[in-house]
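**Q** Mind looking over this structure? Questions follow.
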Amino acid sequence: MLRSTLVLLVLLAFSTAARAQLPAGFGFEHQPLAAVVHGTDTLRHAWAGGFDTPQFSTIDLNNDGQNDLFAFDHISSRVYTFLSAAAPGTAAGRRWEYAPQYESLFPADLQGWALLRDYDCDGRPDLFTYVNNGEIRVFRNVLVNGRPSFQLTTNQLRYSGGFTGTANLVLGGYNLPAIQDVNGDGKLDIMTYDFVSSSYIELYLNTSPGTCGSDLTFRLNTDNWGGIQACSGCAEYKFTGQSCFTAARPLHTGGHSLLLLDLDGDGVQDLLDGRDNCAELTRLLNRGTALAPVINQAGISSSFPSAATPARVPVFPAAYSFDANFDGRPDLVVAPNMLTNFADQVSLRNHVQLFENTAATGPPAFAYRSAGFLQNEMIDVSEGAAPTFGDVDGDGLPDMLIGNIADRVNNVYRATITYYRNVGTRARPVFSFVTDNYLGLAAQRLEGIKPVLVDLNRDGALDLAYAAWSSSANVLYYILNTAAAGQPAAFDVARAVSFKPQGAAGSGVLPYSRGDMPCFTDVDNDGYVDLLIGTNETQEPGMSLRYFRNRGSGPLEDAFVLVDNDFGRIRDASGGRPTNLSATVADFDGDGQPDLLTADASGFLRFFSNYRALTSIFPERTDLLYNPLTGQYEPTRLGLEISSHFGLAATDLNGDGTPELFIGTQAGGVLSYGTRNRTATSTTRSEPARALALSVYPNPATATATVETAKPTRITLLDLTGRVVQQVSSAQRRHAVNLAGLAPGVYLVRAEDADGSAAVQRLLVR
């Protein structure tokens, strides 16, 4: 992030492109751009981006006295926010409404787990979250302009009473703690499994002075709560000196998720225990007191809340207690909490379960209500959505295809393409679900399908290209459309052809890394679609984005040859190689020239205006998302996780002449964005700047570089902090810049003519 911020600051200070950075300039804004229908149901949160492993907490986001909903997804490290909105005519009178404008109120670097709990007794929930391989940091919720803001209180909770006296409170990397008042003194305590073996339950009591726990001091009360030890199997435990009981199948010991609730109405909190690699949520009734718990075998059940409808999720259940249906009683929501799905390979669709509390008084009575709480109202294809748009049915309206990483169906883990037909009008699109196995690709047992609808053979009909993982390598396929232009597409999977690598290894082989993301676009403006590939490939020379030119002759499968194995010299915030890069191209900003947009595992969109006019290192912009809550442009917050994949697509969905942006998320959903203030003056390079025709070569350079412009200009060389490292005051069309003595790195060359028009270009010094 530092590098991106520094580049932005320099451009703000030294380039006429600065106007693009202001709230009045060009950007994107989250918009539900089309209705999405499954059968007779219209999805209420269609474009919210899907769920994988959400962790739920409540908070009043808009200061209206109503509890709103915060969700943090463990796998993708993404924040979601939903408002409790009035809904006249509904049974409850309220409903959840996706409100992404509040997501940026939370810290940008959340990972592992995040729970909202009020530790300072001010009525506003504060933020407890994972840090440093299992320690806990805390942010205090401070109201600013009527909205929550989170100020770091401590980066490291500590406790006393252990073997070493005072030490850091460490949960391990995989445990989800219960942060609740255990002993009834009004202070938040912490209960968790031990971080070494995840076998024993530890209780840390809050010892802050006074009636509130605001000092966040803790003492280890016991390292063996209830005298019970988790064994190696699901729902399997043992007491001191006894053998393991309950579970039948041995599995490795992993993390645990804990929730305390009084389940039997005796005034003492009982325990719900979810476990890594297990589907069961286990109930442990406490027949004793908070500080002298009594657990026996009869009080342990893995058929909670009932044998008829037990809580079951694919892997590692975690339970959350809040009023989910607006009836004033706390319900129970259960969701998986695993870190990744690489090994488990389970389905992550419709797995967030809602159990409604039907008891008016007394202990809760949880009745199964639905699978897919909130999730079944979103587009969700399980994992790694990759959308593409085009007229599939021949009615002149853009339809939507969505590839995925995979989904487990009938015990087979495989990727598919989901087809939504546009049954609306040109101005009011409506997507209706048709099938989640378009063309029957499930039978091929591929993974990571990334489809693209594109006219490859220039016959006016859309063809289908798709990247997919096949056994041991990623392959880029295409199927030519045998129907005429304007007719329903005709794709024969049996005729799928793979693009052939050109050249020997090390000289232009098409990337074959899992998750390669193809983007077909005419880079060189010769009328033939070229190929940009976002890749993690390391066996072949090159970086994250590679440009293969379409030769325009010969067999199509042999058409693409390598031109640039580091197109745009795109780097992450630390100057390194972006992971899981995806690209799309469209004239987003309205200057009549195509723009390049990329996303990667950092969760940032990077925008490169009029990329054809850029050379060598492309200047980027990341503050792209307009937030109506703050009135400012912000970087995107798609999630911060090294394994996250995003699929980008652009199309003019509503026929207004402006391309909209769609982002397929790691969580299997799709986010939709319209453009804002799309005018020619919002380009990264203004018309006067473009007229200067700034050129810097060679780039990268070592000892010297030549700077050329169409008119006489003065040259300034700056580092990424904005510091001037060299300046040439005489106006010339060509300058020889001496780089001797400069440290290797990225610099900015700024050229300014006598009228004040300026252009900026990056220069890499080696």
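FYI, the numbering for the sequence shown is -20 to -1, 1 to 746, going by mature numbering (1 follows the signal peptide of the UniProt record, and there is no 0).
Where is the CB? At the ideal position from N, CA and C, for every residue including glycine.
None of the values given here were measured: they were computed from a predicted structure.
Going by DSSP, name the residue or residues bridged to Q707.
**A** Taking the first residue of the sequence shown as 1, we reach residue 707 at position 727. Secondary-structure assignment with DSSP links Q707 through a beta bridge to T696.
**Q** Please determine, among F411, S362, V59, D242, the residue with the shortest C-alpha to C-alpha distance to P378.
**A** Stepping through the sequence shown from its first residue, residue 378 is reached at position 398. Measuring from the Cα of P378, the nearest candidate turns out to be F411.
**Q** Shortest alpha-carbon distance to N163 belongs to which of T191, R349, T61?
**A** Stepping through the sequence shown from its first residue, residue 163 is reached at position 183. Out of T191, R349, T61, T191 has the C-alpha closest to the C-alpha of N163.
**Q** Among D544, A671, P615, G235, which residue has its Cα nearest to the Cα of F296?
**A** Along the sequence shown, one-based indexing puts residue 296 at 316. Out of D544, A671, P615, G235, G235 has the C-alpha closest to the C-alpha of F296.
**Q** Since N657 and S84 are thought to touch, with beta carbons under 8 Å apart, how far apart are those beta carbons, to the nearest angstrom?
**A** By 1-based counting over the sequence shown, the position of residue 657 is 677. By 1-based counting over the sequence shown, the position of residue 84 is 104. Actually they do not touch by this definition, with Cβ atoms about 19 Å apart.
**Q** How would you label Q707, buried or exposed, when you count the other beta carbons within 10 angstroms and need 16 or more for buried?
**A** Working through the sequence shown from its first residue, we reach residue 707 at position 727. So Q707 ends up on the exposed side.
**Q** Quick one: grab the DSSP three-state call for W93.
**A** Working through the sequence shown from its first residue, we reach residue 93 at position 113. It is coil, neither helix nor strand.
**Q** Give every residue of the same chain whose Cβ lies closer than 6 Å to the Cβ of G619, excluding the five residues on either side of it in the sequence, and list them in chain order.
**A** Here residue 619 refers to the residue found at position 639 of the sequence shown. Closer than 6 Å at Cβ, skipping near neighbours: S56, S57, R58, G583.
**Q** From the DSSP output, in three-state form, read off P316 for me.
**A** Residue numbering aside, residue 316 sits at position 336 when the sequence shown is read from its first letter. Reduced to three states, the DSSP call for P316 is strand.
**Q** Count Cβ pairs between the segment 623 to 636 and the segment 84 to 103 that sit closer than 8 Å; are there 3 or more?
**A** no
**Q** Please state if the CB of R199 and the CB of G145 are separated by a distance shorter than 8 Å.
**A** Within the sequence shown, the letter at position 165 stands for residue 145. Within the sequence shown, the letter at position 219 stands for residue 199. For the 8 Å CB-CB criterion, G145 and R199 do not form a contact.
**Q** Could you please give the first and the last residue of the uninterrupted beta strand (DSSP E) stretch that includes W449?
**A** Within the sequence shown, numbered from 1, the residue matching residue 449 stands at position 469. Per DSSP, W449 belongs to the beta strand (DSSP E) from 443 to 450.
**Q** Return helix, strand or coil for W76, following the three-state DSSP convention.
**A** Locating residue 76 in the sequence shown gives position 96, counting from the first residue. Residue state, collapsed to three classes: strand.
**Q** Is N337 helix, strand or coil when you go by DSSP?
**A** Here the question's residue 337 lines up with position 357 in the sequence shown. Looking at N337 - three-state DSSP - the assignment turns out to be strand.
**Q** So, under 8 Å CB-CB, G428 and A448 are touching, yes? Tell me the CB distance rounded to an integer number of Å.
**A** In the sequence shown, residue 428 corresponds to position 448, counting from 1. In the sequence shown, residue 448 corresponds to position 468, counting from 1. Rounded, the Cβ-Cβ distance is 6 Å, consistent with contact.
**Q** Would DSSP call Y139 helix, strand or coil?
**A** Stepping through the sequence shown from its first residue, residue 139 is reached at position 159. In the structure shown, Y139 sits in a strand (DSSP, three-state: E or B).
**Q** Using the Cβ count rule (16 or more neighbours within 10 Å means buried), how would you classify A463?
**A** The count along the sequence shown starts at 1 and reaches residue 463 at position 483. It is exposed - the Cβ of A463 has fewer than 16 other Cβ atoms within 10 Å.
**Q** Within this structure, are the beta carbons of R531 and V541 separated by less than 8 Å?
**A** By one-based count along the sequence shown, residue 531 stands at place 551. By one-based count along the sequence shown, residue 541 stands at place 561. A contact, by the Cβ cut-off of 8 Å.
**Q** Would you call the segment 407 to 422 and the segment 628 to 636 in contact, with 3 or more CB pairs under 8 Å?
**A** yes
**Q** F62 by DSSP, collapsed to three states: which one?
**A** By 1-based counting over the sequence shown, the position of residue 62 is 82. DSSP places F62 in strand when its eight states are reduced to three.
**Q** Taking its Cβ as the centre, do 16 or more other Cβ atoms sit within 10 Å of C258, making it buried, or is it exposed?
**A** Translated into positions along the sequence shown, residue 258 becomes position 278. Buried.
**Q** For D250, is the classification buried or exposed, using 16 other Cβ atoms within 10 angstroms of its Cβ as the cut-off for buried?
**A** Stepping through the sequence shown from its first residue, residue 250 is reached at position 270. Of the other Cβ atoms in all chains shown, 16 or more fall within 10 Å of the Cβ of D250; this residue is therefore buried.
**Q** Report buried or exposed for S282, applying the criterion of at least 16 other Cβ atoms within 10 angstroms of its Cβ.
**A** What you label residue 282 is simply residue 302 of the sequence shown in a count that begins at 1. Buried.
**Q** Out of F108, I397, A15, point me to the one whose CA is closest to R24's CA.
**A** Here residue 24 corresponds to residue number 44 of the sequence shown, with the count starting at 1. Nearest of F108, I397, A15 to R24, Cα basis: A15.
**Q** Tell me the residue span of the beta strand (DSSP E) that contains A641.
**A** One-based indexing of the sequence shown puts residue 641 at position 661. Just to set this straight, residue 641 is Leu in the shown sequence, not Ala. L641 -> beta strand (DSSP E) spans 640 to 644.
**Q** So who's on the other strand from Q131, going by DSSP bridges?
**A** As a position in the sequence shown, residue 131 is number 151, starting the count at 1. Its beta-bridge partners are R120.
**Q** Check the C-beta distance from S310 over to S301 and give it rounded, since I have them as a contact under 8 Å.
**A** Position 330 of the sequence shown holds residue 310. Position 321 of the sequence shown holds residue 301. Going by the sequence as given, residue 310 is Pro instead of Ser. With 8 Å as the limit, P310 and S301 qualify as a contact, their Cβ atoms being about 5 Å apart.
**Q** Going by alpha carbons, who is nearest to M171 out of S554, W205, L196?
**A** The residue given as residue 171 occupies position 191 in the sequence shown. It is W205.
**Q** For L85, report the span of its beta strand (DSSP E) as first-last.
**A** Along the sequence shown, one-based indexing puts residue 85 at 105. For L85, there is no enclosing beta strand (DSSP E), as DSSP marks it with neither H nor E.
**Q** Is L672 helix, strand or coil when you go by DSSP?
**A** As a first step, residue 672 is located in the sequence shown; it is residue number 692 there, counting from the start. DSSP places L672 in helix when its eight states are reduced to three.
**Q** Using a Cβ-Cβ cut-off of 7 Å (strictly less than) and excluding sequence neighbours within five positions of D443, which residues of its own chain qualify?
**A** For the purposes of this step, residue 443 is identified with residue 463 of the sequence shown, where counting begins at 1. Closer than 7 Å at the Cβ level, and outside the excluded window around D443, lie V434, D435, L436, N437, Y458, I459, L460, N461.
**Q** Considering only the alpha carbon of each residue, which of A304, A210, L239, N417 lies closest to F225?
**A** Taking the sequence shown and counting its residues from 1, one reaches residue 225 at position 245. That would be A210, whose Cα lies nearest to the Cα of F225.
**Q** By how many angstroms is the C-alpha of E614 removed from the C-alpha of T655?
**A** Here residue 655 is taken as the residue at index 675 of the sequence shown, counted from 1. Here residue 614 is taken as the residue at index 634 of the sequence shown, counted from 1. Roughly 14 Å between the two C-alpha positions.
**Q** What does the Cβ neighbour count give for G627, buried or exposed, with the cut at 16 atoms within 10 Å?
**A** For the purposes of this step, residue 627 is identified with residue 647 of the sequence shown, where counting begins at 1. It is buried - the Cβ of G627 has at least 16 other Cβ atoms within 10 Å.
**Q** Which residue marks the beginning of the beta strand (DSSP E) containing G555, and which one marks its end?
**A** Residue mapping note: residue 555 aligns to position 575 of the sequence shown, counting from 1. No beta strand (DSSP E) holds G555; DSSP gives it neither H nor E.
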